[in-house]
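Asks: Residue numbers (the working numbering): 9 to 622.
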DNA sequence: AAGGTAGATC
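This is how it looks when you write it as structure tokens:
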């Protein structure tokens, strides 16, 4: 006979788990009381656990039930600690722990500590966390692998990689779950290189370990590495699941790699992979960030279940692609559907108002954040409001808004004002904004570049070179412009003045041709974005070397007629490139879609979706 | 009767 025995759940407990409301639970409790079953500590524990874990809205009630048996088991206490560690007020977990300690009955066990550590990870309070870690040591559970991986997870959440590392280093033979926790911890703290070393040293890796490493790369912005590792995962024939694909799609979104993203979409269909809410959301985000908003919305409407992530992604995508009103329509539907917006949703809403120029509507939504939804506006929201006023030229209101903000204006707010000053050519306010911006972020190249653009607009070359000199003195460098274009699933990257591409001869000839055709159509180079005070002709030459122009030329060479040219740029599109691209889309009769640092530009028949404001 | 590691909106 085996000594293994499984404790079957009492039928009344099964009944308690299937209750759907408080009244039914009360009935079950009465039954347990009458039959005296609640006096049995084991059944009492099961009952407490079934309420606490299956009915999180009745947490307070399960606490009362705990007190109804003076011999409550550690299982009952642990269940309540565990249930509270997942709820909005995780601090309550400690009440039960303290109660156990005070009466010495029952004693906390290794389970107790895994739940307490999770509570700390939820609370994000360093003092509490180190106190709990001390208790783990005091009770001698530091060698329990479950407790160890929870501790590593907790320190990673707190951003204390050194502490996580210390726990890890003291484990003589970490198993692969602990290794995976450490890989995640490193990636979260941007130590993705070390994460990879650990990952490579693992003798065996399950899909979770692979997914942890891939998402680590994706979250650190190392999107190409994420894709490379995903390919390796396939070559090693590791089982791919939804989590793998969500991370890969996120990498595609960052890169703007539409072909790769489409491949993932096809893979899902080919392998009959169930589209979970997060996978669907990742697909929407990928198509939106690659500029194919129609496809993104097809998926959106096709999803049965949608949560706040799904709605926010779709709304953010619409705003980013210039469909401000559609974004607001979606918000109305979201509210009708009973999904509550969060802070991120409001960033999308305010951006939607901004691109559509709907100032009053934006004000209304901004106020509703606090009044209707109890959400405190964050820096981003204030920045969006400055942008909202500034974009339509209401610069004074933007200025007033900044000065009346209840929080200290951050770089984003001044940056939005500065951009508005550039659009509406307000030199005085622009100078002020850029001075503030530089005070906050003395290495912010964007501030200097925008300011020198403002000066260059009025051909004030002395001031332009002053700005240049300040940049040089402070060691501020302009981030080199870089444009990416995908051709046949292959990603081609071009930097400013980049001549390194193997087909540069063809590209140069194409650039020449474009330049001639532009001139024939009456286009005049707007040389103001060139920061140097050089001769006009040289400036024109320098402009032709902007990375997006090189990428467009390459696209015209390689892509079939009728296929839109899609480009992802790391900076904002410059004014000259914008003007030139408008005409190129007309004379070459091609659609050109450019994603810049902020938003999309869909160029077609000589017009752009941004209407000249970006 | 229970516990450890991976994923989406900024």
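The beta carbon of each residue, even a glycine, is placed where N, CA and C say it ideally should be.
In chain order, what residues of the same chain lie with their CB nearer than 7 Å to the CB of residue 273, ignoring the 5 residues before and after it?
Replies: Numbered from 1 along the first chain, position 265 holds the residue referred to as residue 273. Result list for residue 273: 291, in chain order.
Asks: Return the first residue and the last residue of the alpha helix (DSSP H) that residue 426 is part of.
Replies: Looking up residue 426 in the first chain gives position 418. Residue 426 -> alpha helix (DSSP H) spans 419-431.
Asks: Decide if the segment 349-358 is in contact with the segment 389-409; the criterion is three or more beta carbon pairs, one per stretch, under 8 Å apart.
Replies: Touching, yes.
Asks: Going by DSSP, what residue range makes up the beta strand (DSSP E) through residue 388?
Replies: Numbered from its first residue, the first chain carries residue 388 at position 380. Premise fails: residue 388 lies in the alpha helix (DSSP H), 387-399, not in any beta strand (DSSP E).
Asks: Can you tell me whether residue 560 is buried or exposed? The criterion is at least 16 other CB atoms within 10 Å of its CB, across all chains shown.
Replies: In the first chain, the residue the question calls residue 560 occupies position 552. With 16 or more Cβ atoms within 10 Å of its Cβ, residue 560 is classed as buried.
Asks: So the beta strand (DSSP E) residue 197 belongs to, where does it begin and stop?
Replies: The sequence position of residue 197 within the first chain is 189, counting from 1. Premise fails: residue 197 is in no beta strand (DSSP E) and is neither H nor E.
Asks: Can you check which of these residues, 114, 287, 191, is closest to residue 205 by C-alpha distance?
Replies: Position 197 of the first chain, counted from the start, is the residue given in the question as residue 205. It is 191.
Asks: Is residue 610 helix, strand or coil by DSSP?
Replies: Position 602 of the first chain, counted from the start, is the residue given in the question as residue 610. Looking at residue 610 - three-state DSSP - the assignment turns out to be strand.
Asks: How would you write the range of the beta strand (DSSP E) that residue 490 sits in, first residue to last?
Replies: Residue 490 sits at position 482 when you count from the first residue of the first chain. It spans 490-495 - the beta strand (DSSP E) in which residue 490 sits, taken as one unbroken run.
Asks: Taking just the CA atoms, how far does residue 230 sit from residue 161?
Replies: Sequence index remark: in the first chain, residue 161 carries index 153 (1-based). Sequence index remark: in the first chain, residue 230 carries index 222 (1-based). Going from the Cα of residue 161 to the Cα of residue 230 covers about 22 Å.
Asks: Start and end of the beta strand (DSSP E) containing residue 601?
Replies: Locating residue 601 in the first chain gives position 593, where the first residue counts as 1. From DSSP, the beta strand (DSSP E) with residue 601 extends over 600-603.
Asks: When burial is assigned at 16 or more other CB atoms within 10 Å of the CB, is residue 299 buried or exposed?
Replies: Your numbering for residue 299 matches position 291 in the first chain. Label assigned to residue 299: buried.
Asks: Taking 6 Å as the limit between beta carbons, can you name the residues of its chain near residue 259, skipping five residues before and five after?
Replies: Mapped onto the first chain, residue 259 falls at position 251. So the list reads 226, 231, 234, 235, once near-sequence residues are dropped.
Asks: Provide the residue(s) that pair with residue 216 in DSSP beta bridges, ordered along the chain.
Replies: Numbered from its first residue, the first chain carries residue 216 at position 208. Paired residue(s): none; residue 216 is not in a bridge.
Asks: Could you give the distance in angstroms between the alpha-carbon of residue 348 and the alpha-carbon of residue 93?
Replies: For this step, residue 348 is matched to residue 340 along the first chain. For this step, residue 93 is matched to residue 85 along the first chain. So the alpha carbons of these two residues sit roughly 23 Å apart.
Asks: State the DSSP-derived secondary structure class of residue 507, mapped to helix, strand or coil.
Replies: Start at 1 with the first residue of the first chain, and residue 507 comes out as number 499. In the structure shown, residue 507 sits in coil (DSSP, three-state: anything other than H, G, I, E or B).
Asks: Counting Cβ pairs, one atom from each stretch, are 3 or more of them under 8 Å apart for the segment 570-582 and the segment 605-617?
Replies: Output reads yes: the segment 605-617 touches the segment 570-582.
Asks: Measuring alpha carbon to alpha carbon, tell me which of 20, 566, 374 ends up nearest residue 511.
Replies: Here residue 511 refers to the residue found at position 503 when the first chain is read from its first residue. When each option's Cα is compared against that of residue 511, the closest is 566.
Asks: Just how far apart, CA to CA, sit residue 102 and residue 124?
Replies: Reading the first chain from its first residue, position 94 is the one you call residue 102. Reading the first chain from its first residue, position 116 is the one you call residue 124. Cα-Cα distance, rounded: 8 Å.
Asks: Name the one or two DSSP bridge partners that residue 172 has.
Replies: By one-based count along the first chain, residue 172 stands at place 164. Residue 172 is not bridged to any residue.
Asks: Check whether the segment 132-140 and the segment 159-174 touch, using three or more Cβ-Cβ pairs below 8 Å as the test.
Replies: Yes, since at least three Cβ pairs between the segment 132-140 and the segment 159-174 fall closer than 8 Å, the two stretches touch.
Asks: By DSSP's criteria, residue 576 is part of a beta bridge. Which residues make up the other side?
Replies: Indexing the first chain from 1 puts residue 576 at position 568. DSSP lists 492, 603 as partners of residue 576.
Asks: Given this structure, state the Cα-to-Cα distance separating residue 615 from residue 429, to the nearest angstrom.
Replies: The residue labelled residue 615 in the question sits at position 607 within the first chain. The residue labelled residue 429 in the question sits at position 421 within the first chain. Rounded to whole angstroms, residue 615 to residue 429 spans 23 Å at the Cα level.
Asks: Mind checking residue 342: buried by the 16 CB within 10 Å criterion, or exposed?
Replies: Position 334 of the first chain, counting from 1, holds the residue named residue 342. Buried.
Asks: Relative to the alpha-carbon of residue 593, which residue among 178, 529, 228, 313 has its alpha-carbon at the smallest distance?
Replies: Taking the first chain and counting its residues from 1, the one referred to as residue 593 is at position 585. It is 529 whose Cα lies nearest to the Cα of residue 593.
Asks: Does DSSP classify residue 207 as helix, strand or coil?
Replies: Start at 1 with the first residue of the first chain, and residue 207 comes out as number 199. DSSP places residue 207 in helix when its eight states are reduced to three.
Asks: Who does residue 616 pair with in a DSSP beta bridge?
Replies: Here the question's residue 616 lines up with position 608 in the first chain. The partner list for residue 616 (beta bridge, DSSP) reads 611.
Asks: How should residue 674 be labelled, buried or exposed, when 16 other C-beta atoms within 10 angstroms of its C-beta is the threshold for buried?
Replies: Here the chain covers residues 9 to 622 and nothing more, so residue 674 does not appear.
Asks: How is the alpha helix (DSSP H) around residue 48 delimited, first residue to last?
Replies: By one-based count along the first chain, residue 48 stands at place 40. Here residue 48 belongs to no alpha helix (DSSP H), and DSSP marks it neither H nor E.
Asks: In angstroms, rounded to a whole number, what distance separates the CA positions of residue 425 and residue 268?
Replies: Reading the first chain from its first residue, position 417 is the one you call residue 425. Reading the first chain from its first residue, position 260 is the one you call residue 268. Those two C-alpha atoms are separated by around 37 Å.
Asks: If we count Cβ pairs, one from each stretch, closer than 8 Å, do we get three or more for the segment 210-219 versus the segment 245-259?
Replies: Yes, the segment 210-219 is in contact with the segment 245-259.
Asks: Leaving out five residues before and five after residue 413 in sequence, what residues of the same chain have Cβ atoms less than 6 Å from its Cβ?
Replies: In the first chain, residue 413 corresponds to position 405, counting from 1. The residues are 390.
Asks: Taking the alpha helix (DSSP H) that residue 571 falls in, what are its first and last residues?
Replies: Along the first chain, read from residue 1 onward, the residue named residue 571 stands at position 563. Counting along the chain, residue 571 falls outside any alpha helix (DSSP H), and DSSP gives it neither H nor E.
Asks: DSSP on residue 351, reduced to helix/strand/coil?
Replies: Taking the first residue of the first chain as position 1, residue 351 is located at position 343. Reduced to three states, the DSSP call for residue 351 is helix.
Asks: Which runs of the alpha helix (DSSP H) spanning at least 4 residues fall entirely within the segment 298-349, listed in chain order?
Replies: Listed in chain order, the complete alpha helix (DSSP H) runs (minimum 4 residues) inside the segment 298-349 are 301-310, 316-328, 332-344.
Asks: Excluding the 5 residues flanking residue 406 on each side, which residues of the same chain have their C-beta closer than 7 Å to its C-beta?
Replies: Here the question's residue 406 lines up with position 398 in the first chain. Around residue 406: 394, 397, 398, 425, 428.
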